[in-house]
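What follows is a set of notes on a single structure, which appears directly below.
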Amino acid sequence: MRNSTKKILGVTICILLALFCGLAPLVKKGASGKSYVANAQGFGGNIEVTVFVDGDTITDITYEAPDETPSVGGVAMSNLKTQIIEEQNSNVDIIAGATYSSTGFLEAVNAALNEAGVVADGSNGTKTVAEDYEGTADIVVIGGGGAGMTAAISAAEEGKSVILLEKNSILGGNTARASSGMNAAETHYEEEQGVEDSVQSFIDDTMASGKNMNDPELVKVLAENTSGAIDWLDSEGIELNGPLATMGGLSANRTHRPVDADGNIIPVGSYLVDKLSARMDELGIEVHTNTAATEIIMEDGKAAGVKATGSSGNNVTIHADAVIVATGGFGGNMDKVTEYRPDLEGYISTNVTTASGDAIDFLGDLNADFVDLDQIQLHPTVVPTDGTLVGEALRGDGAILVNKEGHRFFNETGTRDEVSAAEIEQPTGNVWLIVNQDMYEGSAVISKLEKGGYLVNGDTLDDLAKAMEFDADATAALKETVETWSGYVASGVDEDFGREIGAVKTDLSSGPYYAVNVGPGIHHCMGGVKINTSAEVIDTDGNPIEGLYACGEVTGGIHGANRLGGNAVADIVVYGRIAAESAIEYIDK
Numbered sequence: 015m016r017n018s019t020k021k022i023l024g025v026t027i028c029i030l031l032a033l034f035c036g037l038a039p040l041v042k043k044g045a046s047g048k049s050y051v052a053n054a055q056g057f058g059g060n061i062e063v064t065v066f067v068d069g070d071t072i073t074d075i076t077y078e079a080p081d082e083t084p085s086v087g088g089v090a091m092s093n094l095k096t097q098i099i100e101e102q103n104s105n106v107d108i109i110a111g112a113t114y115s116s117t118g119f120l121e122a123v124n125a126a127l128n129e130a131g132v133v134a135d136g137s138n139g140t141k142t143v144a145e146d147y148e149g150t151a152d153i154v155v156i157g158g159g160g161a162g163m164t165a166a167i168s169a170a171e172e173g174k175s176v177i178l179l180e181k182n183s184i185l186g187g188n189t190a191r192a193s194s195g196m197n198a199a200e201t202h203y204e205e206e207q208g209v210e211d212s213v214q215s216f217i218d219d220t221m222a223s224g225k226n227m228n229d230p231e232l233v234k235v236l237a238e239n240t241s242g243a244i245d246w247l248d249s250e251g252i253e254l255n256g257p258l259a260t261m262g263g264l265s266a267n268r269t270h271r272p273v274d275a276d277g278n279i280i281p282v283g284s285y286l287v288d289k290l291s292a293r294m295d296e297l298g299i300e301v302h303t304n305t306a307a308t309e310i311i312m313e314d315g316k317a318a319g320v321k322a323t324g325s326s327g328n329n330v331t332i333h334a335d336a337v338i339v340a341t342g343g344f345g346g347n348m349d350k351v352t353e354y355r356p357d358l359e360g361y362i363s364t365n366v367t368t369a370s371g372d373a374i375d376f377l378g379d380l381n382a383d384f385v386d387l388d389q390i391q392l393h394p395t396v397v398p399t400d401g402t403l404v405g406e407a408l409r410g411d412g413a414i415l416v417n418k419e420g421h422r423f424f425n426e427t428g429t430r431d432e433v434s435a436a437e438i439e440q441p442t443g444n445v446w447l448i449v450n451q452d453m454y455e456g457s458a459v460i461s462k463l464e465k466g467g468y469l470v471n472g473d474t475l476d477d478l479a480k481a482m483e484f485d486a487d488a489t490a491a492l493k494e495t496v497e498t499w500s501g502y503v504a505s506g507v508d509e510d511f512g513r514e515i516g517a518v519k520t521d522l523s524s525g526p527y528y529a530v531n532v533g534p535g536i537h538h539c540m541g542g543v544k545i546n547t548s549a550e551v552i553d554t555d556g557n558p559i560e561g562l563y564a565c566g567e568v569t570g571g572i573h574g575a576n577r578l579g580g581n582a583v584a585d586i587v588v589y590g591r592i593a594a595e596s597a598i599e600y601i602d603k
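Adding 14 to a residue's 1-based position in the sequence shown gives its number in the numbering used here.
Now the structure itself:
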């Protein structure tokens, strides 16, 4: 394929997101001149880079990052390596969605080059300009996050040719950052773990969280299809077979989570992206990365393809019998966020920068209808320095939130909007999430936060309080808070805030302890383009636009005024499959 076009290849080396700290490079003799080794910190662990130079020319770069995520950081490092060698320039842009992995990789590369005395400023390099491209498929999918990949896979498995366009240089979108799990009701996992749940409870919880602004028919279809979505994931080798959890606003332990080979809970997003991208590779689905859709091609009032722009400004045109839009929300575009919610000016975002709301523009050109664009969710546990998301399921498992005075201040498993509002009322706006060693040992999520430098710790609560820079009064209050909380767990009743205790897995009565400073951050756009239960895009006259479908965060109406944690992953899988099924039915009729 051309420069901006590729078939997804099996990814090999791992990475994810985090802070870097470069270490001194080592010098070794290589086949062409010398090689220089340097290290930097990735989110999952160390990234070791070896740069081979011959005179002033970079001839090769190799790297090892065994603790990172293949489909996110692995692809990002591969892309950066190619770009650096081709352009002979290490001053390249980091890759959205793999910010900290990119940063660590580039830090190590530059440390090695500094030791080599090589200035990689592009003077010896070349830059390939991609050619215009025109292609044809049964279905074109815009967006390579969880919803887009689900739709593409579902269509390809039914024998349809599929082309997928992704604005970023890697697949995954915001799905790669999902940290907790997928909500589903009446699944075989619930039955196996003795969880009593129902589709109706799923509906009731979702409507209540959304303040009944949700489209009830969309919610009903979502709830009714979550069990089937779990079965489909199973059939794809994507097993969410870990301990079921609860999240804010859930009436049952319906959050399905993946585990690693050691049985430790791992982030659902990177797991899904790895598995879905590998399946796309197996199916030979054609993917164009660095390709931003700009226009839906219409013929006789029907969607007939997509016009897009590649990384070099080249034109990419795809003709298709049906179009599926899965471009995500606009939480990475602060101009659009503040257009609809001026009060969110200054908040940090958990979103990838490519979640920019382009579809609002190109679907608006077709007179598509939109709903609830002002409904933008704050997530209560976001690292305020860089937007790293701290999974909500940790609170369901037993973590507590305390303010700078050492006190709990709200039900930690309340809905996201409620907990965020309570945090904003605290003296600093930021609070501390506290876990202990028992939780640490059962969760790779916590260990990754530690490797990323986000945690403070202490063997005792006194030690932890010192690490959090609490004064004497706050330290005493913290110790009393944990003792009281442990008593509530033992009795099964939270007398302070009415938190549901049944899902709690640890009482925090013993250390060592860990804490991360968190606060509210822009997380999810509940509003978007209007769809019906067949995932057809609806115009301002209330009619479906023929051949045009949408799924995932780009759509509105499912989540109402506030999304439940775990429902986004349910949404992308359920409606990703529905969009594909509807497109296939439309093509075949």
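Where a beta carbon is used, it is the ideal one built from N, C-alpha and C, also for glycine.
* To do: Output the residue ranges of the beta strand (DSSP E) runs that lie fully inside the region 167-214 and measure 3 residues or longer, sorted by chain position.
  => 176-179
* Asked: How about the region 412-426 and the region 508-528: do they share at least three Cβ pairs that are nearer than 8 Å?
  -> yes
* **Within 8 Å, strictly: CB atoms of G566 and G315** => By one-based count along the sequence shown, residue 566 stands at place 552. By one-based count along the sequence shown, residue 315 stands at place 301. In this structure, G315 does not lie closer than 8 Å to G566 by Cβ.
* To do: Grab the span of the beta strand (DSSP E) containing L415 for me, first residue to last.
  => If you number the sequence shown from 1, residue 415 lands on position 401. From DSSP, the beta strand (DSSP E) with L415 extends over I414 to V416.
* Where does Q391 land, buried or exposed, given buried means 16+ other C-beta within 10 angstroms? -> Sequence index remark: in the sequence shown, residue 391 carries index 377 (1-based). Counting Cβ neighbours within 10 Å, Q391 comes out buried, since at least 16 surround it.
* Asked: Should A192 and T240 be called a contact, given that it needs their Cβ atoms to be closer than 8 Å?
  -> In the sequence shown, residue 192 corresponds to position 178, counting from 1. In the sequence shown, residue 240 corresponds to position 226, counting from 1. No; because the gap between Cβ atoms is not below 8 Å, this pair is not in contact.
* **Rounded separation between T308 and T323 - CA only** => If you number the sequence shown from 1, residue 308 lands on position 294. If you number the sequence shown from 1, residue 323 lands on position 309. Answer to the nearest angstrom: the Cα atoms are 7 Å apart.
* N- and C-terminal bounds of the alpha helix (DSSP H) containing F376 -> Counted from its first residue, the sequence shown places residue 376 at position 362. Unbroken alpha helix (DSSP H) run through F376: D372 to G378.
* Note the first and the last residue of the continuous beta strand (DSSP E) segment covering I72. => Stepping through the sequence shown from its first residue, residue 72 is reached at position 58. I72 -> beta strand (DSSP E) spans T71 to E78.
* To do: Ignore the nearest five residues each way along the sequence and tell me which others in V507's own chain have a CB closer than 6 Å to its CB.
  => The residue given as residue 507 occupies position 493 in the sequence shown. Hits under 6 Å: none found.
* Asked: Contact between the region 548-561 and the region 493-504: three or more CB pairs below 8 Å?
  -> no
* Work out the CA separation of K174 and I601 for me, nearest whole Å. => Position 587 of the sequence shown, counted from the start, is the residue given in the question as residue 601. Position 160 of the sequence shown, counted from the start, is the residue given in the question as residue 174. So the two alpha carbons sit approximately 10 Å from each other.
* Whole alpha helix (DSSP H) runs in the region 253-335 with 4 or more residues, listed along the chain? -> 282-297
* With DSSP run on the structure shown, which of helix, strand or coil describes A237? -> Locating residue 237 in the sequence shown gives position 223, where the first residue counts as 1. Correct three-state label for A237: helix.
* Helix, strand or coil for I108 per DSSP? -> Within the sequence shown, residue 108 is the residue found at index 94, counting from 1. DSSP places I108 in coil when its eight states are reduced to three.
* How would you write the range of the beta strand (DSSP E) that K8 sits in, first residue to last? -> Not covered by the structure: residue 8. The range shown for the chain is 15 to 603.
* From the DSSP output, in three-state form, read off L37 for me. => What you label residue 37 is simply residue 23 of the sequence shown in a count that begins at 1. Its pLDDT being 36, under 50, L37 is placed unreliably by the model, and the measurement read from it follows with that caveat. Correct three-state label for L37: strand.
* Would DSSP call T83 helix, strand or coil? -> Counting from 1 along the sequence shown, the entry for residue 83 is found at position 69. Correct three-state label for T83: strand.
* Endpoints, the alpha helix (DSSP H) within which Y527 is located -> The sequence position of residue 527 within the sequence shown is 513, counting from 1. Note, Y527: premise wrong, no alpha helix (DSSP H); beta strand (DSSP E) at Y527 to C539.
* Asked: Around the Cβ of R591, are there at least 16 other Cβ atoms within 10 angstroms (buried) or fewer (exposed)?
  -> For the purposes of this step, residue 591 is taken as residue 577 along the sequence shown, with counting starting at 1. It counts as buried.
* **Backbone secondary structure at T117 - three-state DSSP** => For this step, residue 117 is matched to residue 103 along the sequence shown. The answer is helix: DSSP assigns T117 an H, G or I state.
* Enumerate in chain order the residues of its own chain whose CB-to-CB distance from H573 is below 6 Å, with the five nearest sequence positions on each side excluded. => Indexing the sequence shown from 1 puts residue 573 at position 559. The residues are G224 and M540.
* To do: Starting from the Cα of I374, find the closest Cα among F384, D485, V445 and L447 and give me that residue.
  => Position 360 of the sequence shown holds residue 374. The option with the nearest alpha carbon to I374 is F384.
* Asked: How many whole angstroms separate the CB atoms of G162 and A340, which I take to be in contact at a CB cut-off of 8 Å?
  -> On the sequence shown, residue 162 is found 148 positions in, with the first residue counted as 1. On the sequence shown, residue 340 is found 326 positions in, with the first residue counted as 1. Confirmed, about 4 Å.
* Asked: Any idea what DSSP makes of T220, helix, strand or coil?
  -> For the purposes of this step, residue 220 is taken as the residue at position 206 of the sequence shown. T220 falls in the helix class under three-state DSSP.
* Note the first and the last residue of the continuous beta strand (DSSP E) segment covering Q55. => Residue mapping note: residue 55 aligns to position 41 of the sequence shown, counting from 1. K48 to Q55 is the extent of the beta strand (DSSP E) around Q55.
* Asked: Under the rule that 16 or more other beta-carbon atoms within 10 Å means buried, what is S505, buried or exposed?
  -> Taking the first residue of the sequence shown as 1, we reach residue 505 at position 491. By the neighbour-count rule (16 or more Cβ atoms within 10 Å), S505 is not buried but exposed.
* **Nearest neighbour of G149, chosen from A130, L179, G342 and A134 [CA to CA]** => As a first step, residue 149 must be located in the sequence shown, where it is residue number 135. Closest by alpha carbon: L179.
* DSSP puts G570 in a beta bridge; with which residues? -> For the purposes of this step, residue 570 is taken as residue 556 along the sequence shown, with counting starting at 1. G570 is bridged to K544.
* Asked: What residues match up with T150 in a beta bridge as DSSP calls it?
  -> As a position in the sequence shown, residue 150 is number 136, starting the count at 1. BP columns for T150 point to H333.
* **Length at least 4, wholly inside the region 392-416: the alpha helix (DSSP H) runs in chain order** => 407-411
* Between the C-alpha atoms of E82 and L380, what's the straight-line distance to the nearest angstrom? -> Stepping through the sequence shown from its first residue, residue 82 is reached at position 68. Stepping through the sequence shown from its first residue, residue 380 is reached at position 366. Looking at the two C-alpha atoms, the distance is approximately 41 Å.
* Is E145 helix, strand or coil by DSSP? -> In the sequence shown, the residue the question calls residue 145 occupies position 131. If DSSP states are grouped into helix, strand and coil, E145 belongs with coil.
* What is the C-beta distance between P394 and E437, in whole angstroms, given that I count them as a contact (C-beta under 8 Å)? -> Your numbering for residue 394 matches position 380 in the sequence shown. Your numbering for residue 437 matches position 423 in the sequence shown. Confirmed, about 6 Å.
* Asked: S137: buried (16+ other C-beta within 10 angstroms of its C-beta) or exposed?
  -> Within the sequence shown, the letter at position 123 stands for residue 137. It is exposed - the Cβ of S137 has fewer than 16 other Cβ atoms within 10 Å.
* Could you check if G342 is buried or exposed, using at least 16 other CB atoms within 10 Å of its CB as the buried criterion? => As a first step, residue 342 is located in the sequence shown; it is residue number 328 there, counting from the start. Buried is the call here.
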